[in-house]
Every structure is written in C-alpha cells, then in structure tokens.
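**Q**
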Amino acid sequence: MSLKIVVGSTNQVKVGAVIRVLGPFGHEVHGIEVLSQVSNQPFSDAETVLGAENRAQGALEFGEIGIGLEAGVEYLNNQLYLVNWGVLKTQEHTFYAGGTRLPLPDELRASLEAGAELGDIIDGYSKRQNVRSNEGAIGILTADFFNREENFCHIVRLLWGQLLHHENCCRK
Numbered sequence: 193m194s195l196k197i198v199v200g201s202t203n204q205v206k207v208g209a210v211i212r213v214l215g216p217f218g219h220e221v222h223g224i225e226v227l228s229q230v231s232n233q234p235f236s237d238a239e240t241v242l243g244a245e246n247r248a249q250g251a252l253e254f255g256e257i258g259i260g261l262e263a264g265v266e267y268l269n270n271q272l273y274l275v276n277w278g279v280l281k282t283q284e285h286t287f288y289a290g291g292t293r294l295p296l297p298d299e300l301r302a303s304l305e306a307g308a309e310l311g312d313i314i315d316g317y318s319k320r321q322n323v324r325s326n327e328g329a330i331g332i333l334t335a336d337f338f339n340r341e342e343n344f345c346h347i348v349r350l351l352w353g354q355l356l357h358h359e360n361c362c363r364k
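Start counting at 1 in the sequence shown, then tack on 192, and there's your number in our numbering.
1. Answer yes if the region 215-229 comes into contact with the region 245-256, meaning at least three C-beta pairs across the two stretches below 8 angstroms, and no otherwise.
2. Taking the alpha helix (DSSP H) that Asn246 belongs to, which residues open and close that run?
3. Among residues of its own chain, excluding the 5 on either side of Phe254, which ones have a beta-carbon nearer than 7 angstroms to its beta-carbon?
4. Do Tyr273 and Val241 have their C-beta atoms closer together than 8 angstroms?
5. Assuming the contact rule is C-beta atoms closer than 8 angstroms, Val265 and Gln233 should be a hit. Round their C-beta distance to whole Å, please.
6. Quick check on Ile224: does DSSP put it in helix, strand or coil?
7. Along the beta strand (DSSP E) that carries Phe287, what are the first and last residues, could you check?
8. Report the residue from Val230, Lys196 and Glu299 whose alpha carbon sits nearest the alpha carbon of Glu220.
9. Is it the case that the Cβ atoms of Gly291 and Ile347 are separated by a distance below 8 angstroms?
10. So, Arg340 versus Gly353, is the Cβ gap smaller than 8 angstroms?
11. Would the beta-carbon of Leu351 fall within 8 angstroms of that of Gly243?
12. Give me the residue from Thr334, His358, Arg324 and Leu214 with the minimum Cα distance to Thr202.
13. Leaving out the 5 sequence neighbours to the left and right, which residues in its chain are closer than 6 angstroms to Val230 when beta-carbon positions are compared?
14. Quick one: which unbroken alpha helix (DSSP H) runs of 4-plus residues sit fully inside the region 279-356? Chain order, please.
15. Sort Asp336, Leu261 and Pro295 by Cα distance to Leu280 and report the nearest one.
16. What's the gap between the Cα of Asp298 and the Cα of Asn270?
Have a look at this one:
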C-alpha cells in the first residue's frame with residue numbers, strides 16, 4: 193500500500209533521505225516548508241527533538257505520515273557535539289530516533305555560543321558554500337566519508353523500523 197509521506201522541510205538533503213529510504217517501497221514523498229518553532233540553531237537535544245516534532249506535526253496535516261528531521265548541537269562533558277533527531281508521526285502514534293553524535297572542533301564553539309548557525313559557520317570553516325544542503329557539517333568533519341543525507345537516512349530507517357514493529361507487533 194502506497195502512503196503519502198510529507199517531510200516538514202524543503203531542504204533537499206532531508207527530503208532526499210526520506211525518498212532514498214522509502215521511495216523504493218512505492219511511497220509518495222513530498223517536502224513542505226514547516227517552521228521548527230525552535231531556534232535557528234537548536235542548542236540541546238531537547239530543543240532539537242522539539243524542532244523535529246514540530247516539523248513532523250506540521251507535515252502530518254498534509255499527508256498520512258509526517259516526518260521531521262532536525263540538526264542541533266549539544267554539550268557533553270564540556271565538548272560540543274553535532275546531534276540529529278527525527279520524529280515520525282501518524283494520526284495515532286509518534287516515533288523518535290536520534291542519529292550520530294560527532295564532536296565539533298573547538299574553534300567553532302565561540303560562534304555557536306554567540307548564536308550563529310552551524311550551517312553558516314561550517315561554510316566559512318570549510319571554505320565551501322551551502323554545506324547544509326549538501327554534505328553537511330558531518331561530511332566536512334569526516335572528510336566526505338559520511339554525509340548529511342546518509343545520516344538522515346539512518347534516522348529515517350530507525351523511525352520506519354519502529355513503525356513497522358508497531359504495526360506487526362502491537363496491532364494484533
């Protein structure tokens with residue numbers, strides 16, 4: 193059965209990740225602009241999850257399934273990390289999944305603490321443009337060995353797997 197899945201973003205990396213994972217199953221995937229209702233640069237796991245949840249809820253208004261994907265930063269043991277979260281919503285259920293955590297270089301800390309977005313900072317740091325819509329900070333920091341879309345694909349698989357588990361296990 194084909195489902196209409198809506199991603200709460202028009203960012204090509206986020207929408208591309210959902211298409212890459214769920215498109216082969218015949219699902220219709222669209223991205224729409226949905227406000228995260230959090231800071232432009234979420235600065236904790238809690239804020240990043242809330243942004244993903246708000247995006248999924250907004251997207252659900254336009255499809256059978258809403259997916260929100262959000263990147264943020266989080267302190268752990270005085271080290272700043274890149275974090276990623278995803279939320280999948282149906283009319284009845286909400287599923288959460290977190291992605292890879294990667295330490296950020298110390299030289300990015302002051303700009304992030306001053307309120308700049310990681311996407312803007314990493315452009316200057318890497319001397320590239322529009323990194324957020326391409327390889328992402330994770331791509332820069334792994335020498336293009338692992339990119340932002342792959343990371344969001346990982347999260348989408350975790351979300352979809354939970355939905356499948358729920359449908360197979362809990363609807364009997």
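Backbone N, C-alpha and C define an ideal beta-carbon position, used for all residues, glycine too.
**A** Considering the structure as presented:
1. yes
2. Asp237 to Leu252
3. Val198 and Ile224
4. no
5. 7 angstroms
6. coil
7. Thr286 to Gly290
8. Lys196
9. yes
10. no
11. no
12. Arg324
13. Glu239, Leu242 and Gly243
14. 301-305, 310-318 and 328-333
15. Leu261
16. 10 angstroms
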